[in-house]
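Some notes on the structure that comes next.
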Amino acid sequence: MRQFILFACLFTSVTTQTLKCEHFNKNHAIRSPTDYTCKDSEIDGNGSCNTTELCVKDEEVPGRQPNCFVSWTNESGKVEIIRKGCWSQSKPCLAKCEAVTIKSVFFCCCDNDLCNSHFSLGHINKTIKTNEENPVVVPTNEETWVVLVYTLVPITLLSLLVVLIYWIYRKRKHSYGDIDNASVQTPGSGLTTSTQNTQLLIPPEINLPQLIDIKARGRFGCVWKAQLHDRFVAVKVFFLQDKQSWLNEQEVFNTELVHYHPHILNFIAAASRGVGVETELWLITEFHEYGSLADYLKTHTMSLPVALKFMETMATGLSFLHEDIPHKQPHKGHKPAIAHRDFKSKNVLISNDMTAVIADFGLAVKFIPGECTGESHGQVGTRRYMAPEILEGAINFQRDAFLRIDMYAFALVMWEIITRCSDVPGGSTPTYMMPYELELGQHPTLDEMQACVIDQKTRPVVNDLWRQDEVVGILCETMEECWDHDAEARLSAGCVEERINHLHRRIQPPNELAVHPNMINNDVIRNGAPVIGNGAPVIGNGAPVIGNGTSMIGNGTHVIIPPSPTSDTDIQNQINNRKNQELPVNSNEKLTNEVNAAGLVATVTCDAETALLSAGDRESNV
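Numbering (this note's numbering), first residue to last: 125 to 746.
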């Protein structure tokens, strides 16, 4: 009998499987009939029932096991328990109470005694104790991200600020401080044809300029205004990956005779400073306060005489670049023809006397007799200024083909100047516009340029009123002949130079008579010194050219330097005679203009055949 009673007790304890759980009901008045009935002593002042209860296995439903559960809410980190107690289900619960979310209510169940006294958010794995009277505040997953953001963002910004300050400090020190790792190349005592022969100087023999202000940014780097001793200079800083352009500019600047031309940017020195990835490549040149033609035209207009003077000197410089000039002493070599290949208003500077200075030779190519130019010259330059043959990829790799490409771009620059000329018929345009900006906007694609320039053969709009003026009409015709779709029909730089010179002389007051532009090129060729002033060319120590003052230009042009007028009557006669001259406008006919006024004699020949002849094919009698 005793054995039977012991067996029955053991069986009852095994099959009953009781579990002790915490019991809590936020509102004891709202409960189901099967809920635990709280005693009055177990109800707190808030009407909540807070005690423990014994959970028994439900024998009526096979497989169900007793468990403890907790349900609560969490609003902005404020945890509020709703219910605690017994929970019966067939699926097993975890040993610890970890929550799952049902909308805005959290729920968890567990299968150990009083396991619902502690519960946690499964994502954060932080236990929440509930044996306190006040609700427990716990950070949620969302709040954790907020804390991380508010913590990490300021730290990140502060770190970036420190790095930026350090970088600026290094940059300023690098720009203004002492230069320990710099080498400088300057033109040697004799002109060279290669940068390998330039003179190499190391500080303190030469001090590099102090950078002041960035004036322009471009494809290859930026241009600074800088101070070298007691004068301002321009410093073009190249990126290391553009070293070839830096070397190419030096190559052009050190070409025979280029250094002395008044309408080619004056080269001072080249410098390489720094080591490794911090290497900077400097090109130090003369500084021009007015900046580039494009920047000037954005805020200024030009009178017709000033515009003619500028276009004339621009053509003079380009004509000089295009010419193949033998040296007066054959053993010293010669100046080969040079194509600019990126001619545009951004690359033409304005000097203090409102004349043109051609700059930026990073893409220029020299044509050395006997050497092949190669076929590595593809679609280079600025897309807006590309000639039709470049846009369609049909490039002839001969010298004259490259020179004609320059002339197409030259015509577009002429158009830019005329549109901002204040005293042409119709007046200047209200705002400066780049070529094809009206048709294609500020950032045309290559396909758009091809469709416009090649397929439609569109060119910038020429105002019909311009043609009503005799001088401006000839400029328009010259411009249109230079941007002709047929490259071989375009005028040469020398022909444009002569034509604009005659227009300029026609409207120029007698007290501002300038030297014929070919005299500038001729003087550079003969003496290696620039022309100075507005009168006769000056060489060497400043003495004027003497003798009969006659020069023979390669294409047969004769110029006699006029003597100074002796009276007001002589001056007026010169003006009247120049006004009475008619300039022919058909470039396909031989243009001959002879002026005789108070000792002034000039004979200019420019026809279509001459225009197509390159400067290197002309005979030089100098």
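Built from N, CA and C at the ideal position, the CB exists for glycine as well. If you're wondering where the values come from, they're calculated on a predicted model, not measured in any experiment.
Check                                                                                                                        : Outcome
Buried versus exposed call for GLY345 [16 or more other C-beta atoms within 10 Å across all chains shown]                    : buried
Residue(s) in a DSSP beta bridge with GLN334                                                                                 : GLN351
Cβ-Cβ distance between ARG507 and PRO568 below 8 Å                                                                           : yes
Residues of its chain near ALA340, where Cβ-Cβ distance is below 6 Å and the 5 sequence neighbours each way are ignored      : VAL347
Same chain, Cβ closer than 6 Å to PHE377, five either side skipped, listed in chain order                                    : PHE391
CB contact flag (VAL620, THR602, <8 Å)                                                                                       : yes
ASP575 versus ASN476: straight-line alpha-carbon distance, rounded                                                           : The question names Asp, yet the displayed sequence has Ala at residue 575. Rounded to the nearest angstrom, the two C-alpha atoms are 40 Å apart.
Backbone CA spacing between CYS192 and VAL185 [nearest angstrom]                                                             : 18 Å
Beta-carbon contacts of GLN141 that lie in its chain and below 6 Å, excluding the five residues immediately before and after : LYS181
Reduced DSSP category for ALA189 - H, G, I as helix; E, B as strand; rest coil                                               : With the sequence shown as reference, residue 189 is identified as Gln, and Ala is not the correct amino acid for it. Looking at GLN189 - three-state DSSP - the assignment turns out to be strand.
Bridge-paired residues (DSSP) for ALA461                                                                                     : PHE491
CYS233 (DSSP reduced to helix, strand or coil)                                                                               : strand
Simplified DSSP state of CYS173, which is helix, strand or coil                                                              : strand
Short Cβ contact (8 Å threshold) for GLY209 with GLU166                                                                      : no
Rounded Cβ spacing between GLY441 and HIS387 (contact assumed at less than 8 Å)                                              : 3 Å
Beta-carbon proximity check, VAL361 vs PRO333, cutoff 8 Å                                                                    : no
Length of the line joining the Cα atoms of LEU324 and PRO429                                                                 : Its pLDDT being 39, under 50, LEU324 is placed unreliably by the model, and nothing is read from it.
Beta-carbon proximity check, CYS145 vs CYS179, cutoff 8 Å                                                                    : yes
TRP269 classed as buried or exposed, judged by whether at least 16 other C-beta atoms fall within 10 angstroms               : exposed
Status (buried if at least 16 other CB within 10 Å, exposed otherwise) for ASP70                                             : Given a span of 125 to 746 for the chain in the structure shown, any question on residue 70 remains unanswerable.
Residue from ALA431, HIS242 and ASP466 whose Cα sits closest to the Cα of SER552                                             : ALA431
For MET426: DSSP bridge partner residues                                                                                     : CYS545
Span separating the alpha-carbon of VAL548 from that of MET478                                                               : 19 Å
Whole-angstrom distance between CYS234 and ASN240, CA atom to CA atom                                                        : 7 Å
Close beta carbons around VAL194, own chain, < 7 Å, minus the five adjacent residues each side                               : ILE205, LYS208, CYS221, CYS232, ASN240 and PHE243
Through-space distance from ALA393 to GLU410, alpha-carbon basis                                                             : 10 Å
Three-state secondary structure assigned by DSSP to ASP694                                                                   : Bear in mind that the predicted position of ASP694 carries a pLDDT of just 47, short of 50, making it unreliable; the figure below should be weighed with that in mind. Helix at ASP694.
The ligand FMN heavy atom lying under 7 Å from the CB of GLN566                                                              : The ligand FMN is not part of the structure shown, which contains no ligands of any sort.
Beta-carbon contacts of GLU257 that lie in its chain and below 7 Å, excluding the five residues immediately before and after : Note that GLU257 scores 43 on pLDDT, short of 50, meaning its location in the model is unreliable; the coordinates nonetheless yield the value given after this. The answer is none, since no qualifying residue turns up.
Buried versus exposed, by CB contacts within 10 Å (16 or more), GLN374                                                       : buried
From ALA350, ILE529 and LEU381, residue whose alpha carbon lies closest to that of ILE449                                    : LEU381
Candidates PHE230, ASP164 and MET426, of which the one nearest PRO554 by Cα                                                  : MET426
Rounded Cβ spacing between ALA752 and THR437 (contact assumed at less than 8 Å)                                              : Outside the displayed span of the chain (125 to 746) sits residue 752, for which this structure offers no information.
Where the beta strand (DSSP E) containing ASN149 begins and where it ends                                                    : 142–149
With 16 other Cβ atoms within 10 Å as the buried cut-off, status of ASP354                                                   : exposed
Alpha-carbon to alpha-carbon, LEU272 and LEU143                                                                              : 41 Å
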